[in-house]
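Participant: Structure incoming, see below.
Number of protein chains: 2
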Amino acid sequence: MENTISKRPTIVDIARVAGVTPKTVSRALNDAPHVSEKVRQKVKEAAAALDYHPNIAAQSLIARRSYLIGLTYERPSPSYVVELQNGALSRLEAGRYRLVVLPFSQVTSRQEELGKLLLRAGLDGVLLAPPACDQPLLLDMLDRQKLPYARITPHSELDRGLVVTMDEVAAGEAVAAHLLTLGHRRVAIILGDPSHAASIGRMDGYRRAFEKAGIAIDQDLVVTGDFTFDVGYRVALELLRRTPRPTAILAQNDDMAVAAMAAARELGLAVPQDVSVAGFDNSEVSRTAWPQLTTVNQPVREMAWDAADRLIAALDGESEPQEPRRRDHAHELLVRASTVPPPA
Amino acid sequence: MENTISKRPTIVDIARVAGVTPKTVSRALNDAPHVSEKVRQKVKEAAAALDYHPNIAAQSLIARRSYLIGLTYERPSPSYVVELQNGALSRLEAGRYRLVVLPFSQVTSRQEELGKLLLRAGLDGVLLAPPACDQPLLLDMLDRQKLPYARITPHSELDRGLVVTMDEVAAGEAVAAHLLTLGHRRVAIILGDPSHAASIGRMDGYRRAFEKAGIAIDQDLVVTGDFTFDVGYRVALELLRRTPRPTAILAQNDDMAVAAMAAARELGLAVPQDVSVAGFDNSEVSRTAWPQLTTVNQPVREMAWDAADRLIAALDGESEPQEPRRRDHAHELLVRASTVPPPA
DNA sequence: GTCTCGTCGGTAAACGTTGACAATCTTGTA
DNA sequence: TACAAGATTGTCAACGTTTACCGACGAGAC
């Protein structure tokens, strides 16, 4: 009489079928030495016949590895998240690691909570996107518990953990210089969430471009958004109602830039004829918008791949990493249809 | 002399510190009965002092649960993926389950491969988005290995597994009827990837609307895209160059609809004055586009939440589910600025 | 024929936690 | 005072896999 409760087959079951001991089965399946080819074949056939899949929990327990990599981010634009994810996944695909997504809101004020979440998740390592990558308390917790982490585009303490960056300042300078070169002088700036380090770096870049051009930034035209379309729309409406009207808007990401274009149209203004708009990120929306948005390509996908690569190398490599802990990626200014010289 | 190799603390360590047995520690930390309040306090303090976090692999091993839920999808638009993910996550947040993302391309021709991937991932259950939710071979594999799954908006075999659907046909009918009611007669249709069941359902709905209105569909104006912007752009350009020109375009998702708007502008046509465009999905891009897109809200987030809810209920509940295995969600036609009556 | 060495296969223990069950302690009552 | 009943605490094994270590066997050297 067969047992009616069917359970997943184990190594012991294969051993019984193949007529060898469990240890031999383990060796055969893992392509370890000290197993004759004949036995290996027999074992593999038995495993296939039983539809055997190893119990990962048991493997994890003994290897002291969960083969789980976490990815944490704070609700930015969908395209950013997907790029991040796909970049990391394209590196993970080959190996046994799996990606666990852990979005978290209000990171800055809840660092402790996020830290606990990450530690409880049983991860081998974690990828930190902004703004989590810049939270000192969080990094302290991870250090203390020896949970390896890779930081994607951090702004501060660049010597902690594995770091993958883009020079936000240079990128910010490039896009601002583009507008100034076109002849714009009344340039409004919509900042992102000030808790994201990117916001600060990009602004530093804008400032440098203005300085080099010998033009003063009009602080009245600098307003704060939070990287979302909705808030961007609201502040852009307000900016465009001022007199004299700004001739260009420099938004710190594409979602807010697209919002600014929508706000301009709401006020009966044509983009780019009446007002130029530039974004940041080269997200999908920057290409699907009309006119297509001038923006800066942030190689998010590549950076995420790189971060995952560094992390896995650190996890798998017995030896300490020899190479520098930091890798830089280049930005790329994409001049498209949303920016032209100011109206005469 | 302390051991120099520091390892994560275990229950045994806490037991030593608190002066009780490991079993008692386990009971205290899990808020199980049969532990005095005094001991429980002492144990919890010791655990906190040691920065203890339970070893999930060991818990998984004994519970025969990994507490991992998989989410598999095939590179659709970013906004869809993020909505799906956020919906599932909002249900998972409360409990101990974690979400593993498993994107997979060319699902239809690689069902076996995807099945193996899912089985090897050590999941407790899996959420299947289109088109994976409609692959019979894949479902067979999952059934055979008793891996529970919830299907999000499947098209066929609605009695297999847990099912969360929207009536794609009714939704398709609603948006098509809207254009016909406005007076459009030359309506071009851009289909999505034919392997996605949604594509078929929506087309059925369009057809029903045309039938009810007593209007024949012009098969020459029905072209196939693949849900992406780029292909949508190409086929839309081609459609709009025909004479007589279609007065409206019915795209099976928002990305292709936005592409159609871009193509129209490329040809010097105004949307919606010269040509109306309607999409599908109420994705973020449909709101950030200009003009805002008439579309159908597919409650992706809610459906994903629901699918996760069903799956977890099935996993946690000892008893078989009493309620129907299928839940339906309603669509919602969102008439926005991209559709107006045809030019005179 | 014996000894050495290398290959193949087996046994026992370990990973960290919890379930089943036994032992002990406390308290109330006859 | 003794004893039952209930609460608390302890012991042991188990989950499925791999690592460490040991034994058997065959080939080749002397």
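As given, the protein sequences belong to chains R and W, one line each in that order.
Just so we're aligned, residue 17 is where the first sequence starts under my numbering, counting upward by one.
Just so we're aligned, residue 17 is where the second sequence starts under my numbering, counting upward by one.
All C-beta atoms in this analysis are idealised placements derived from N, C-alpha and C, irrespective of residue type, glycine included.
Let me make sure I understand the geometry here. Which of Val51/R, Pro358/R, Leu178/R has the alpha-carbon closest to that of Asp159/R?
Facilitator: Leu178/R
Participant: May I have the straight-line CA-CA distance separating Leu285/W from Gly111/W, to the nearest angstrom?
Facilitator: 52 Å
Participant: Is Glu18/W close to chain R? Criterion is C-beta to C-beta, closer than 8 Å.
Facilitator: Interpretation of Glu18/W is limited by its pLDDT of 36, a score under 50 that renders its predicted location unreliable; the figure taken from the coordinates is listed afterwards. Not one chain R Cβ lies under 8 Å of Glu18/W.
Participant: What residue does the beta strand (DSSP E) around Glu348/R start on, and which one ends it?
Facilitator: 348-350
Participant: May I ask which residues mark the beginning and end of the alpha helix (DSSP H) holding Gly102/W?
Facilitator: A small fix is needed here, since residue 102/W is Asn in this sequence, not Gly. 94-108 is the extent of the alpha helix (DSSP H) around Asn102/W.
Participant: Please list the partners that Ala74/R has in chain W, where partner means a Cβ-to-Cβ separation under 7 Å.
Facilitator: Leu77
Participant: Kindly indicate if chain W contains any beta-carbon less than 8 Å away from that of Pro94/R.
Facilitator: yes
Participant: Hey, is Thr197/R close to the ligand GDP, as in C-beta under 7 Å from one of its heavy atoms?
Facilitator: Annotation note on the ligand GDP: not contained in the displayed structure, which lists no ligands.
Participant: Is it buried or exposed, His194/W, if we count other Cβ atoms within 10 angstroms and call 16 or more buried?
Facilitator: buried
Participant: Go through its chain and collect everything with a Cβ distance to Tyr68/R's Cβ below 7 Å, but skip five positions before and after it.
Facilitator: Pro25, Ile30
Participant: How many Å lie between Asp242/R and Ala73/W at the Cα?
Facilitator: If you take the alpha carbons of Asp242/R and Ala73/W, they lie about 39 Å apart.
Participant: Does the beta-carbon distance from Ala186/W to Gly221/W come in below 8 Å?
Facilitator: yes
Participant: Using a beta-carbon distance below 8 Å, is Pro119/R in contact with chain W?
Facilitator: At least one CB of chain W lies nearer than 8 Å to the CB of Pro119/R.
Participant: Return the residue from the list Ala267/W, Leu327/W, Glu184/W, Val98/W that minimises the CA-CA distance to Val213/W.
Facilitator: According to the sequence displayed, residue 213/W carries Ala and not Val. Ranking the options by Cα distance to Ala213/W, first place goes to Glu184/W.
Participant: Chain W beta carbons: is any one of them nearer than 8 Å to that of Met277/R?
Facilitator: yes
Participant: Beta-carbon of Ala65/W versus every beta-carbon of chain R: anything under 8 Å?
Facilitator: Cβ-Cβ to chain R under 8 Å: no for Ala65/W.
Participant: Would Ala323/W and Ile168/W qualify as a contact pair, given that the criterion is a beta-carbon distance under 8 Å?
Facilitator: The Cβ atoms of Ala323/W and Ile168/W lie closer than 8 Å to each other.
Participant: Here's the rule I'm using: 16 or more other beta-carbon atoms within 10 Å means buried, otherwise exposed. How should Met17/R be labelled?
Facilitator: Legend: pLDDT at Met17/R = 31, less than 50; position of this residue unreliable, no value from coordinates given.
Participant: Out of curiosity, what's the CA-to-CA distance linking Pro146/W and Pro170/W?
Facilitator: 7 Å
Participant: Put Thr240/W into one of helix, strand or coil per three-state DSSP.
Facilitator: If DSSP states are grouped into helix, strand and coil, Thr240/W belongs with the strands.
Participant: Excluding the 5 residues preceding and the 5 following Arg43/R in the sequence, name in chain order all residues of the same chain whose CB lies nearer than 7 Å to its CB.
Facilitator: His50, Val51
Participant: Assign Ala252/R to one of two classes, buried (16 or more other C-beta atoms within 10 Å of its C-beta) or exposed (fewer than that).
Facilitator: buried
Participant: Between His69/W and chain R, is any beta-carbon pair separated by less than 8 Å?
Facilitator: yes
Participant: Just the chain R side, please: which residues come within less than 7 Å of Trp321/W by C-beta, in chain order?
Facilitator: What Trp321/W touches in chain R: nothing, since even the nearest Cβ is about 14 Å away.
Participant: Since I believe Glu282/W is in contact with Asn313/W (beta carbons under 8 Å), could you give me their beta-carbon distance rounded to a whole number of angstroms?
Facilitator: That belief does not hold up - the Cβ atoms of Asn313/W and Glu282/W are roughly 28 Å apart, past 8 Å.
Participant: What in chain W is Cβ-close to Val274/R, meaning under 8 Å?
Facilitator: Thr304
Participant: Would the beta-carbon of Gly188/R fall within 8 Å of that of Gly208/R?
Facilitator: no
Participant: Is the beta carbon of Trp306/W less than 8 Å from the beta carbon of Trp306/R?
Facilitator: yes
Participant: With a Cβ-Cβ cutoff of 8 Å, do Thr304/R and Leu350/R count as a contact?
Facilitator: No. Outside cutoff.
Participant: State the Cα-Cα distance for the pair Ala330/W and Gln308/R, rounded to the nearest angstrom.
Facilitator: 47 Å
Participant: Is the beta carbon of Arg114/W less than 8 Å from the beta carbon of Tyr165/W?
Facilitator: no
Participant: Excluding the five sequence neighbours on either side, which residues of its own chain have a C-beta within less than 8 Å of the C-beta of Ala104/R, listed in chain order?
Facilitator: Cβ neighbours of Ala104/R beyond the five flanking positions: Ile85, Leu87, Leu115, Leu143, Ala320, Trp321, Ala323, Ala324.
Participant: Buried or exposed: which applies to Glu173/W, given that a residue is buried once 16 or more other Cβ atoms fall within 10 Å of its Cβ?
Facilitator: exposed
Participant: Taking the CB atoms as reference points, tell me whether Ala148/W and Val180/W lie closer together than 8 Å.
Facilitator: no
Participant: Considering only residues of the same chain and omitting the five flanking positions on each side of Ala264/R, which have a CB-CB separation below 6 Å?
Facilitator: Leu195, His200, Val203, Ser292
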